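Participant: Take this structure first; my questions come after.
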């Protein structure tokens, strides 16, 4: 019972800390929807395999939200017709490449300037690698069906093949969404309805993620993960696992890492700071709103491999 | 309630209530670092505003809103929202009551150097955390021998010795809390205190082996403070 009470408090702590950031993300996405309903500027973002993710990552500087807030914004980018690579670059790198996170990393580790450079660079590297990896999957296998449907509505007809169109083609179900007229400013009640629905559905997933993260944290003593702190490879793996389990927001994870930085290798420290913003238990549900299971699996495995490699390189360099 | 807009409005209002109530009933002091409190309160107010707007939209005579609510998915979404409101009701009914000792038993001790120690207070004004940080920055125990001590904290059982008096340091929320503790030479004529019990101790610093230990003159049982977490 004592442990359950502790898990309940952990759950509430995680949830109450994350909800404001989620709300900020939904508000940014709704604002973008209101100001640019057709998302014309989104389609002008570069689609280059490298330039796309890089420009997406750079968007993080303009939209300072942590990983929970980034999901609705990335969804908005995808729905609005932004190139997949750009949206993914934003999704994976922006939680680190934003002023708040960089400032908090600097505040937590003022005596380790290498980290201030390595964390953003590592985040870009992870985002690039993941984007290249996920682009191996066709959009229809990567993105959820409902997201894809909304996305195709916002793309010029020429960009969508006849087989992919759900409207204007004889023989398809009647509930196929109608073609939208030329973009005009969306009315605020519509934006409000959409934003409210989005917030509530994301909040529900957040509740599930926080609940699992709190339970795992309560049942898994943290000493087990930190016990291998000095071993080069094991420490990286252990801290990656810890970042998955802890599920704290990227804007504060540097302060958290400060608490055990002295017990672990530098590579493990960087791995902790890189993997958490891309994937953790709390995020799985939210990312499920964007990706099909295969995309989610590929994201998790890909991110883990790249972060492990980066951690190893850092240990080779710093140890 | 057949009006999806009103249903959403209720759900949003409940979320707002969770955040606002947490901001005023002291729950945040138990769960989050103080710098995050305004964020939670602000989000609550914002959600309340959204809930009111949403209610306004729901009560306005229906115009042709192309919101897609006529789609079959809408029913499913409304069910999801009802579920979320149920989850919120549970949240509202069940305030957290964590065991700090249980939480701390699963965490390694905080290893932070003395980065937060900007100046040194007179000994009797130092909190438990101030003492721990000072001892880290100046580890010679003889420097502090005989200093007066007035500290409070919870009783944290330690695997290889008598329980310590401890505090939890939090950088963001309870999920990242790490304990810091001071060894105490508990009176031999009284039973050892129970885990999680909050105590205020007045006494002196002494040296035992190579470390300092608090020798209590007076031990009082106190309620958990309103702000039990330390930055």
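Chains as they are written, first to last, in the working numbering: chain Z, 8 to 326; chain B, 24 to 254. All residues carry an ideal CB built from backbone N, CA and C; glycine is no exception. All values reported here derive from a predicted model rather than from experimental measurement.
(1) Applying the criterion that 16 or more other CB atoms from any shown protein chain within 10 Å of the CB defines a buried residue, is residue 58(B) buried or exposed?
(2) Would residue 88(B) pass as an interface residue toward chain Z - the criterion being a Cβ-Cβ separation below 8 Å?
(3) Using the rule of at least 16 other Cβ atoms within 10 Å of the residue's Cβ for burial, across every protein chain shown, is residue 200(Z) buried or exposed?
(4) Determine the burial state of residue 342(Z): buried for a count of at least 16 other Cβ atoms within 10 Å of its Cβ, exposed for fewer.
(5) Would you verify that the beta carbon of residue 194(B) is, or is not, closer than 8 Å to some beta carbon of chain Z?
(6) Starting from residue 59(B), find everything on chain C with Cβ-Cβ shorter than 7 Å and list it in chain order.
(7) Tell me which residues of the segment 196–220 of chain Z have at least one Cβ-Cβ distance to chain B shorter than 8 Å, keeping chain order.
(8) If you reduce the DSSP assignment to three classes, tell me which class residue 172(B) lands in.
(9) Residues in the same chain with beta-carbon distance under 8 Å from residue 50(B), minus the five sequence neighbours each way, listed in chain order, please.
(10) For the alpha helix (DSSP H) that residue 55(B) lies in, which residues bound it at each end?
(11) Helix, strand or coil, according to DSSP, for residue 274(Z) in the structure here?
(12) Leaving out the 5 sequence neighbours to the left and right, which residues in its chain are closer than 7 Å to residue 314(Z) when beta-carbon positions are compared?
(13) Are the segment 33–40 of chain B and the segment 296–313 of chain Z touching by the rule of at least three beta carbon pairs closer than 8 Å?
(14) Strictly below 9 Å CB to CB, what residues from chain B border residue 159(Z)?
(15) Indicate whether residue 191(B) and residue 205(B) have their beta-carbon atoms separated by less than 8 Å.
(16) Consult DSSP for residue 232(B) and reduce its assignment to one of helix, strand or coil.
(17) Any beta carbon from chain Z within less than 8 Å of residue 39(B)'s own beta carbon?
(18) Hey, quick one: how far does the alpha helix (DSSP H) through residue 61(B) stretch, first residue to last?
(19) With the cut-off set at 8 Å, would you say residue 27(Z) and residue 62(B) are in Cβ contact?
(20) Applying the 10 Å Cβ sphere with the 16-neighbour rule, what's the burial state of residue 153(Z)?
(21) Just to confirm, are residue 24(Z) and residue 196(B) a CB contact at a threshold of 8 Å?
(22) Please tell me whether residue 77(B) has its Cβ less than 8 Å away from any Cβ of chain Z.
(23) Which of the three DSSP states is assigned to residue 246(B) in this structure?
(24) Can you tell me whether residue 227(Z) is helix, strand or coil according to DSSP?
(25) Who are the Cβ neighbours of residue 273(Z) in its own chain at under 6 Å, not counting the five residues just before and after it?
(26) How close, in whole Å, do the beta carbons of residue 254(B) and residue 56(B) come, if the pair is a contact with beta carbons under 8 Å?
(27) Inspect the beta-carbon positions of residue 176(B) and residue 222(B) and report whether they are closer than 8 Å.
(28) Could you check whether the segment 151–163 of chain B touches the segment 214–228 of chain Z, counting it as contact only if at least three pairs of C-beta atoms, one from each stretch, sit closer than 8 Å?
(29) CB residue 96(Z) to CB residue 158(Z), shorter than 8 Å?
(30) From what residue to what residue does the beta strand (DSSP E) around residue 166(B) run?
(31) If contact is defined by three or more beta carbon pairs under 8 Å, each pair taking one atom from either stretch, is the segment 30–43 of chain Z in contact with the segment 205–219 of chain B?
(32) Which residues in chain B sit within 7 Å of residue 262(Z), going by Cβ to Cβ distance?
Facilitator: Straight from the coordinates:
(1) exposed
(2) For residue 88(B), the pLDDT reaches just 49, beneath the cut-off of 50, and the residue's location in the model is therefore unreliable, although a value from the coordinates is still provided. Answer yes: the Cβ-Cβ gap between residue 88(B) and chain Z drops below 8 Å somewhere.
(3) buried
(4) Outside the shown range of chain Z, which is 8 to 326, sits residue 342(Z), and nothing can be said about it.
(5) yes
(6) The displayed structure is made up of protein chains Z and B, and chain C is not among them.
(7) 196, 197, 199, 200, 201, 202, 203, 204, 206, 207, 208, 210, 211, 214, 220
(8) strand
(9) 44, 118, 119
(10) From DSSP, residue 55(B) is part of no alpha helix (DSSP H); its letter is neither H nor E.
(11) helix
(12) 133, 247, 278, 281, 282
(13) no
(14) Going along chain B, no residue has its Cβ under 9 Å from residue 159(Z), so there is no contact; the nearest lies around 15 Å.
(15) no
(16) coil
(17) no
(18) 60–82
(19) yes
(20) exposed
(21) yes
(22) yes
(23) coil
(24) coil
(25) 321, 325
(26) 6 Å
(27) yes
(28) no
(29) no
(30) Run containing residue 166(B): none; DSSP gives neither H nor E here.
(31) no
(32) 194, 195
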